[in-house]
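Undergrad:
Number of protein chains: 2
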Amino acid sequence: MRKIDTRDFRRATRSTSRQINRQILLNLVREHQPISRADLARRMTLGRGVVTTLVNELLEEGVLYEGALVELPRGRRPKMLHVETRDRLVVAIDLRFSRTDVLLADLGGKQIALERFATRFGPEELLDELAVRVRRLLRTHAARGRCQGIGMVIPGMVDRASGRVLNAPQLGWRDVQVRAGLAARTGLAVHVENAPAACALAHIWLSERANGIRDFVYLSVSDGVGTGVVVNGEVVRGHAHTAGEFGHIPIRAEGPICLCGSQGCLEAYTSNLATVARYLGHELSPAIARELLQQSGVTVDDVVRRAGEGDERARAAVADTGRYLGIGVSMIVQALNPAQIVVGGEITGAWDLVEPAIRAEVARRALTPRAAETPVIPEPAGHMPRLRGAIALVAAPVYAAPQVG
Amino acid sequence: MRKIDTRDFRRATRSTSRQINRQILLNLVREHQPISRADLARRMTLGRGVVTTLVNELLEEGVLYEGALVELPRGRRPKMLHVETRDRLVVAIDLRFSRTDVLLADLGGKQIALERFATRFGPEELLDELAVRVRRLLRTHAARGRCQGIGMVIPGMVDRASGRVLNAPQLGWRDVQVRAGLAARTGLAVHVENAPAACALAHIWLSERANGIRDFVYLSVSDGVGTGVVVNGEVVRGHAHTAGEFGHIPIRAEGPICLCGSQGCLEAYTSNLATVARYLGHELSPAIARELLQQSGVTVDDVVRRAGEGDERARAAVADTGRYLGIGVSMIVQALNPAQIVVGGEITGAWDLVEPAIRAEVARRALTPRAAETPVIPEPAGHMPRLRGAIALVAAPVYAAPQVG
DNA sequence: GTATCTTGTTCGTTTATCGAACTAAATCGC
DNA sequence: GCGATTTAGTTCGATAAACGAACAAGATAC
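The listed protein sequences correspond, in order, to chains P and B.
Taken in order, the first sequence gives residues 228 to 632; the numbers are from my numbering.
Taken in order, the second sequence gives residues 228 to 632; the numbers are from my numbering.
Next comes the structure, spelled out in structure tokens:
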């Protein structure tokens with residue numbers, strides 16, 4: 228029941244049907260590999276003849292490859308098909324305040340080499356450094372011709388279509404053309420996205436736990452609190468690239484002043500800063516707290532670890548964060564009724580404390596039993612969701628549905 | 228960048244390309260009528276030959292009709308094309324607590340005959356009454372064979388796919404199979420939807436003011452406060468049919484108990500009940516207020532009228548509602564960053580008071596200048612948005628993009 | 001050794017876009 | 001007044017895709 232956009236439509240050409248079926252076939256191989264041509268024909272209710280020509284096309288392009296013959300109870304043995312990921316590489320970049328990660332990986336998400344360095348805050352300086360490292364990485368791994376592109380994840384607002392960083396307060400960036408700058412320096416296609424949206428993208432494309440779920444919200448809890456909203460298998464970016472800012476909806480009218488200028492934002496209660504401040508017994512005021520916390524040297528990881536060790540003050544601080552997160556999760560459930568909510572960030576290290584707190588809030592506020600049961604699952608920080616998001620930025624266009632209508 | 232749903236995809240067949248182009252063409256005629264074949268060919272960058280065959284198909288089906296020849300500065304005069312709406316009728320039903328409206332209209336939204344009666348709260352009773360009225364309406368307007376279906380709008384949660392009302396507290400309904408019941412009685416296709424979602428649908432398909440906007444939120448302010456969320460030209464329904472319940476997100480932790488059981492919900496501050504209660508000087512407590520208000524006999528329309536006449540207490544009550552609505556609108560802006568927000572309901576009768584209050588809140592809380600400028604426009608109650616929504620339920624499938632991929 | 005069954009390919013048929021040629025009907029220039 | 005020009009709409013052959021049936025390849029069952 229989508230309306231056709233009469234100002235920007237893609238009409239069908241002679242090759243549209245083939246493109247659609249080609250892409251469906253590719254996705255079926257991706258999700259069921261190893262798989263035979265005959266099985267693909269059955270799943271697509273398509274003649275085996277058409278499958279043969281489509282597969283041949285994909286084999287020639289190097290997108291698929293043929294694997295081993297396989298045993299069957301009767302009849303000719305099928306030659307199984309796989310998606311080629313090993314020889315299709317990606318450079319994933321995770322840019323943060325504290326450090327920048329550069330990862331060489333394959334399209335399937337397998338890590339090959341990871342580098343870390345202290346973030347430089349001058350955009351030109353940083354792009355220069357990145358270009359040097361990317362070139363070196365590709366050279367040492369003989370990956371030049373095999374690299375499909377660069378995916379880059381940013382803590383801030385991004386215009387993905389143009390590859391521009393609109394506003395990244397943590398870095399102090401405003402209106403920086405990242406894509407053009409990095410593409411010119413490396414000669415590679417560059418995709419830029421904000422962190423929670425990229426994490427959501429990774430969950431669509433690279434997570435086994437998504438398991439066919441096409442409507443979910445990725446709630447990223449880190450220095451900031453933001454979300455990536457996915458509706459109908461697609462990330463929602465909003466009219467001016469700022470959808471998913473649930474972190475800046477107030478949950479208390481007279482709460483602390485948030486870094487965004489508003490009062491009582493969800494982020495002010497649930498960011499890693501807020502959790503640490505609570506642990507240290509400070510008033511919840513991110514603007515002031517920031518320096519105090521850096522002086523104290525205590526990180527969220529410390530608080531989470533101590534909570535695990537039984538430190539009562541740490542446990543109380545984390546559980547409080549969980550309770551406030553529950554308020555945020557309830558908001559998301561009311562607003563979007565997703566099939567699943569994924570929580571990412573260091574705080575998931577104490578999921579045994581966080582989860583019941585979230586569940587209680589959701590159950591208390593939900594409008595229907597089914598909404599109350601909305602699964603809330605953790606994504607441990609060890610999964611490197613942001614780097615996986617950067618990979619997904621490059622992988623998704625390869626597998627995405629063709630735009631039609 | 229949509230992911231293909233490998234569990235439920237539509238592969239392309241021989242006729243898929245034609246279906247896509249046929250539907251694009253139909254929508255172009257709809258939005259630019261009267262329009263010539265040659266102009267369609269130019270807009271679609273398609274050969275005039277293909278356009279001829281597509282148009283002939285649509286003419287034979289009675290979807291389009293040929294109008295007058297038209298003057299041109301040079302060359303042969305084109306025969307203009309129009310969408311046939313006059314001979315394609317719809318029965319629109321708006322079911323509410325206070326009354327039920329039944330409207331005979333055409334696919335373009337033009338009203339032909341409107342009936343009203345007191346709502347019966349027994350589902351079987353109501354369906355019987357509706358069936359009698361629908362049959363009579365079609366008979367007296369000789370509309371039997373020309374009726375494309377029934378669209379029905381419900382104050383409550385609806386599973387649109389199955390046509391079941393899940394929960395309509397105002398009617399006291401739970402799990403009522405409306406579609407099957409009405410379809411069996413009338414022999415017509417029946418579409419059922421909840422009210423704010425249907426209003427959003429009407430705004431996509433029947434409003435000139437939507438003007439190509441494909442991402443917006445319809446904020447319906449009436450006895451309840453709900454929204455219809457539209458992303459990429461499609462209404463978002465959620466995993467269990469409860470998306471868009473912004474009305475039940477708390478805006479004050481210690482606010483009044485809402486009818487839903489939660490505390491401090493947006494609805495408790497901004498529903499018509501809340502506005503009237505505020506005008507009468509009652510404590511904001513919908514559960515208690517309801518009876519008091521019915522006894523007082525004052526309606527929202529009264530309050531809005533008195534505000535227009537300069538009654539200071541009425542003006543203050545309405546402005547307060549506006550301010551709280553502004554908090555709700557800000558939430559929507561942060562969460563979804565829509566291109567537009569449409570506010571519907573009686574309160575829009577005092578838009579000169581409501582609008583600045585909303586604007587001030589949005590401006591104060593927005594994260595970016597562009598978000599702060601999100602247009603908020605009123606839809607006066609006189610537009611009959613709910614009945615138009617019911618019409619759109621039948622019209623939308625006729626024009627919607629074919630599902631592909 | 002033959003029948004059966006499954007995989008994968010080949011090839012003629014059908015149906016769509018594509019593009020060029022053609023017809024229809026108007027104005028413009030002289 | 002009449003041919004040139006311009007625009008609209010149709011027709012038709014070329015091409016590309018799905019479709020479907022026939023066929024070849026390679027296995028097991030009896």
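The C-beta atom is built at its ideal place from N, Cα and C for all residues, glycine as well.
Mind checking residue 536 (chain B): buried by the 16 CB within 10 Å criterion, or exposed?
TA: By the neighbour-count rule (16 or more Cβ atoms within 10 Å), residue 536 (chain B) is not buried but exposed.
Undergrad: Within the 8 Å Cβ cut-off, does residue 416 (chain B) reach chain P?
TA: Not one chain P Cβ lies under 8 Å of residue 416 (chain B).
Undergrad: Do you know offhand how far residue 296 (chain B)'s Cα is from residue 306 (chain B)'s?
TA: So the two alpha carbons sit approximately 5 Å from each other.
Undergrad: Please state the DSSP three-state secondary structure of residue 320 (chain B).
TA: Looking at residue 320 (chain B) - three-state DSSP - the assignment turns out to be strand.
Undergrad: Quick one: what's got a C-beta closer than 8 Å to residue 639 (chain B)'s C-beta in the same chain, skipping five residues either side?
TA: In this structure chain B extends from 228 to 632, so residue 639 (chain B) is not present and cannot be described.
Undergrad: To the nearest angstrom, how far is the alpha carbon of residue 578 (chain P) from that of residue 315 (chain P)?
TA: Roughly 36 Å separates the two Cα atoms.
Undergrad: Kindly indicate which three-state DSSP category residue 484 (chain B) falls into: helix, strand or coil?
TA: In this structure, residue 484 (chain B) counts as strand in the three-state DSSP scheme.
Undergrad: By a C-beta neighbour count over all protein chains shown, 10 Å radius and 16 as the cutoff for buried, is residue 629 (chain B) buried or exposed?
TA: So residue 629 (chain B) counts as buried.
Undergrad: Tell me, which residues are paired with residue 400 (chain P) by DSSP?
TA: Paired residue(s): P:395.
Undergrad: Can you list the residues of chain B that residue 232 (chain P) reaches, using a CB-CB cut of under 7 Å?
TA: Result: 441, 460.
Undergrad: Leaving out five residues on either side along the sequence, give the residues of the same chain with a beta carbon under 8 Å from the beta carbon of residue 528 (chain B).
TA: Cβ neighbours of residue 528 (chain B) beyond the five flanking positions: 573, 576.
Undergrad: Taking C-beta pairs closer than 7 Å, name the residues in chain B that residue 186 (chain P) reaches, listed in chain order.
TA: Only positions 228 to 632 of chain P appear in the structure, and residue 186 (chain P) is not among them; the question remains open.
Undergrad: Let me know the beta strand (DSSP E) ranges lying completely inside the segment 502 to 573 of chain P, each 3 residues or longer, listed in chain order.
TA: Entirely contained in the segment 502 to 573 of chain P, the beta strand (DSSP E) runs reaching 3 residues are, in chain order, 567 to 571.
Undergrad: Cα separation between residue 242 (chain B) and residue 555 (chain B)?
TA: Residue 242 (chain B) and residue 555 (chain B): Cα-Cα distance of roughly 46 Å.
Undergrad: For residue 594 (chain P), go through chain B and note every residue whose CB falls closer than 7 Å to its CB, in chain order.
TA: What residue 594 (chain P) touches in chain B: 469, 472, 475, 487.
Undergrad: If you measure from the beta carbon of residue 263 (chain B) to each beta carbon in chain P, is any gap under 8 Å?
TA: For residue 263 (chain B), the answer is no, since every Cβ of chain P falls outside 8 Å of its Cβ.
Undergrad: Just to confirm before moving on: does the CB-CB distance between residue 363 (chain P) and residue 356 (chain P) stay below 8 Å?
TA: Cβ distance not < 8 Å, so residue 363 (chain P) and residue 356 (chain P) don't count as in contact.
Undergrad: Would you say residue 324 (chain B) lies against chain P (beta-carbon separation less than 8 Å)?
TA: No, its Cβ sits nowhere closer than 8 Å to a Cβ of chain P.
Undergrad: Note down, in chain order, every chain P residue with its Cβ under 9 Å from the Cβ of residue 432 (chain B).
TA: Simply 230.
Undergrad: Near residue 367 (chain B), which residues of its chain fall below 6 Å by C-beta distance, leaving aside the five closest residues on each side in sequence?
TA: So no residue of the chain qualifies.
Undergrad: Return the chain-ordered list of same chain residues with a C-beta closer than 6 Å to the C-beta of residue 294 (chain P), the five sequence neighbours on each side being excluded.
TA: 261, 307, 309.
Undergrad: Is the beta carbon of residue 376 (chain P) less than 8 Å from the beta carbon of residue 330 (chain P)?
TA: Taking 8 Å as the Cβ cut-off, residue 376 (chain P) and residue 330 (chain P) do not qualify as a contacting pair.
Undergrad: Mind listing which residues of the segment 388 to 417 of chain B have their C-beta closer than 8 Å to chain P's C-betas, in chain order?
TA: Residues passing the 8 Å Cβ filter: 393, 394.
Undergrad: Under 8 Å between C-beta atoms, does residue 612 (chain B) make it to chain P?
TA: No - not a single Cβ of chain P is within 8 Å of the one on residue 612 (chain B).
Undergrad: For residue 447 (chain B), which beta-bridge partners are listed by DSSP?
TA: B:453, B:571.
Undergrad: Following the continuous beta strand (DSSP E) through residue 327 (chain B), name the residue where it begins and the one where it ends.
TA: Taken as a continuous stretch (DSSP letters only), the beta strand (DSSP E) holding residue 327 (chain B) covers 327 to 333.
Undergrad: Quick check on residue 491 (chain P): does DSSP put it in helix, strand or coil?
TA: Residue 491 (chain P): coil per DSSP, three-state reduction.
Undergrad: Can you tell which of B:413, B:481, B:383 has the C-alpha that lies nearest to the C-alpha of residue 402 (chain B)?
TA: Residue 402 (chain B) has its Cα closest to that of B:383, out of B:413, B:481, B:383.
Undergrad: Spell out the partners DSSP gives residue 378 (chain B) in its beta bridges.
TA: Answer is B:319, B:418, bridged to residue 378 (chain B).
Undergrad: Within the continuous beta strand (DSSP E) that includes residue 307 (chain B), where are the two ends?
TA: Where residue 307 (chain B) is concerned, the enclosing beta strand (DSSP E) stretches over 306 to 310.
Undergrad: For residue 386 (chain P), tell me which candidate among P:475, P:317, P:467, P:546 has the shortest Cα-Cα distance.
TA: Checking every option, the nearest Cα to that of residue 386 (chain P) belongs to P:467.
Undergrad: Using a Cβ-Cβ cut-off of 6 Å (strictly less than) and excluding sequence neighbours within five positions of residue 463 (chain B), which residues of its own chain qualify?
TA: Closer than 6 Å at the Cβ level, and outside the excluded window around residue 463 (chain B), lie 456, 470.
Undergrad: In three-state DSSP terms, what is residue 260 (chain P)?
TA: Reduced to three states, the DSSP call for residue 260 (chain P) is coil.
Undergrad: In this structure, does DSSP put residue 473 (chain P) in helix, strand or coil?
TA: Residue state, collapsed to three classes: helix.
Undergrad: For a cutoff of 8 Å on Cβ pairs, would you count residue 347 (chain B) as touching chain P?
TA: Cβ-Cβ to chain P under 8 Å: no for residue 347 (chain B).
Undergrad: From residue 244 (chain B) to residue 627 (chain B), what does the alpha carbon distance come to, in whole angstroms?
TA: Cα-Cα distance, rounded: 15 Å.
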